[in-house]
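Chains as they are written, first to last, in this note's numbering: chain A, 1 to 122; chain B, 1 to 122.
Glycine included, C-beta positions come from ideal geometry on N, C-alpha and C.
These notes are about the structure you will find just below.
Number of protein chains: 2
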Amino acid sequence: MNYKSINFSEKYKLFNEQWKPKVISEINNYQFKIAKIQGEFIWHTHHETDEAFIVLNGEIKIEFRDGIVTIKKGEMFVVPAGVEHKPSSLNESQIMLIEPKGVVNTGENKTSNLTAENDVWI
Amino acid sequence: MNYKSINFSEKYKLFNEQWKPKVISEINNYQFKIAKIQGEFIWHTHHETDEAFIVLNGEIKIEFRDGIVTIKKGEMFVVPAGVEHKPSSLNESQIMLIEPKGVVNTGENKTSNLTAENDVWI
């Protein structure tokens, strides 16, 4: 067993690309993925699962068809399964996603140019 | 739907007791629980599930029978299922646990004086 903690800041130093979640840990069949995001993502839905967003640095927004939420550093929000949403971030933000293994970042749009490779560990 | 983010600092202001995890959110059948901890917990094991610790403030240690890990603010660690462990914190720390609903904080010791009521939301 590896008795070493995972440091979020150090993990963020390992990549620069935006909107490409990297797995840093997992519990059971759930993964912890960090990403740098800036600008607007696409509208998409995860029909099969809720999705947790934690903002570690910066401030993001998630738009819904009937509302919007702002999530700042030190805050989290859960997008329920089946709810269409569009994340965005004016400046670059650092986020962590918690969700089951295998979730495609663009939801039902599996061939968007923003669709990221899954299960990429750093 | 409630378009409001969950602010960790504000949630921590809502209680003072130590070692009593409070649920602040959930995804599917997993819960996000925050706790204030100080001193030494008891040795225990979660046979059925991994358990994720995120340190939001302070610094904690988790002792194992063959090692120890230090987890500081901005870091996380996952204790694998079936691994006996004993968390501790010299000064009061603020942590977040992520694990399936229904996990007893004292593991197989379900009647310890440190056993907390489950599924308590704040």
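When K86/A, T45/A and I27/A are compared, the shortest CA-CA separation from G82/B is found for I27/A. Residues of the stretch 80-109 of chain A whose Cβ lies closer than 8 angstroms to any Cβ of chain B, in chain order: P80, A81, V83, I98, E99 and P100.
Nearest to K86/A by C-alpha distance, out of T45/A, F32/A and L56/A, is T45/A. For T70/B, the beta-bridge partners assigned by DSSP are K61/B.
Only buried fits T106/A, as 16 or more other CB atoms lie within 10 angstroms of its CB. Taking a 10 Å sphere around the C-beta of M96/A, we find 16 or more other C-beta atoms and assign the residue as buried. Rounded to whole angstroms, the separation of the alpha carbons of L90/A and K73/B is 26 angstroms. Listed by position along chain A, the residues whose Cβ is nearer than 8 angstroms to that of E75/B are S5, I6, N7 and F8. Y3/A sits exposed, since fewer than 16 C-beta atoms from the chains shown fall within 10 Å of its C-beta. For D50/B, the nearest CB of chain A lies under 9 angstroms from its own CB, placing it at the interface with that chain. One Cα belongs to S88/A, the other to E51/B, and the distance between them is close to 30 angstroms.
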